[in-house]
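Remarks on the structure that follows.
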Amino acid sequence: MVNSLGDNTSNDGQCTLREAILAANDAPANADCGAGSSADDTITFSVSGTITLGSTLPAIVSGQGALTIDGGGNITVSGGGSVRVMDVSSGADLTLRNITIANGRSTSSGGISNAGTLTVTNSTFSANSADFGGVGGGIANFGTLTVTNSTFSANSALGGNGGGILNAGTLTLKNTIIANSTGGGDCSNFGTVTTKLHQQPHRRLSRLRPDERRERQHHRLRPQPGRADRLPCLLPAAARQPGH
Ligand SMILES: [Ca+2]
Ligand SMILES: [Ca+2]
């Protein structure tokens, strides 16, 4: 149970998110979050607010059990506009629930770089960015990523690909909105994508807000010469089945 909004590994009786991840990786910095654990772990929070990182959180590692981080709807983890928020290593298994990942920034993968298995549910990615020419403002996925009931807004990969999500692995989107990206498009796919639910009921183009209209039109892009692998992540509305 994280009981501090700080970002340090001070042996002070307060359990920070950084210390909790180290304990879940079975590499505890101290006893503030309990003993290290190589089993599955869940991190929850007794505090509400924003944790602003001084550096990227410890990578979630393989071989130390699956990890769930549940923000309870009250926690924002911010990269402070200067660091990537998280890394998920190859073979690692991370679930994020009820949490906001914001203002992460890196050369690529501003919010999260995933090489393992990442499941995101009921969460928000906001204003994360990759530097010019980078990919994956919100998430760069090189592993397996499943996103359900979540929102990506105002993320950016200016001059690159995937302002919201860059997928180079396997991506499943369910009932998720990826919108208002300020660079790199909302979602760029170089891998495999399954869209289980479209973002909202189909409406006539003329009845959409301008940003929704841009998104819809973006979905209608067809492969371009030399760029056949660069498809949007979401299916065109016409290809979706009613009720799904
Ligand atoms: Ca501490
Ligand atoms: Ca563990």
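Under the numbering used here, residues 648 to 891 are what the sequence shown spells out, in order. Where a beta carbon is used, it is the ideal one built from N, C-alpha and C, also for glycine. Predicted model, so just to flag it, every value in this text is computed and none were measured.
In the displayed model, residue 744 falls within a strand according to three-state DSSP. In this structure, the alpha-carbon of residue 704 lies about 37 Å from that of residue 856. For residue 667, there is no enclosing beta strand (DSSP E); the residue is part of the alpha helix (DSSP H) that begins and ends at 664-671.
Below 8 Å, enough C-beta pairs join the segment 759-779 and the segment 797-809 to call them touching: three or more. Of the heavy atoms belonging to ligand 2, at least one sits nearer than 7 Å to the Cβ of residue 711. Taking non-hydrogen atoms of ligand 1 into account, the C-beta of residue 659 is found less than 7 Å away from one of them. Pairwise C-beta distances place the segment 695-702 out of contact with the segment 670-682, as fewer than three of them are shorter than 8 Å.
Approximately 10 Å separates the beta-carbon atoms of residue 760 and residue 777; this is outside 8 Å, ruling out the contact. Non-local beta-carbon contacts of residue 682 in its own chain, meaning distances under 8 Å to residues more than five positions away in sequence, involve 670 and 675 in chain order.
For residue 673, the shortest C-beta to heavy atom distance toward ligand 1 is 7 Å or greater. Our two residues, residue 711 and residue 827, have alpha carbons roughly 37 Å apart in a direct line.
As DSSP reads the structure, residue 735 sits in a beta bridge with 707 and 761.
The C-beta distance from residue 802 to residue 781 rounds to 12 Å, too long to fall under 8 Å, and the pair is not in contact. Counting along the chain, residue 717 sits inside the beta strand (DSSP E) bounded by residues 714-725. From the listed residues 730, 650, 736 and 662, the smallest Cα separation to residue 791 is found for 736. Between ligand 2 and residue 651, a heavy atom-to-CB distance of less than 7 Å is absent.
8 Å or more divides the Cβ of residue 700 from the Cβ of residue 720. Residue 787 sits buried, since 16 or more C-beta atoms from the chains shown fall within 10 Å of its C-beta. Annotation for residue 688 indicates a beta carbon within 7 Å of some heavy atom of ligand 2.
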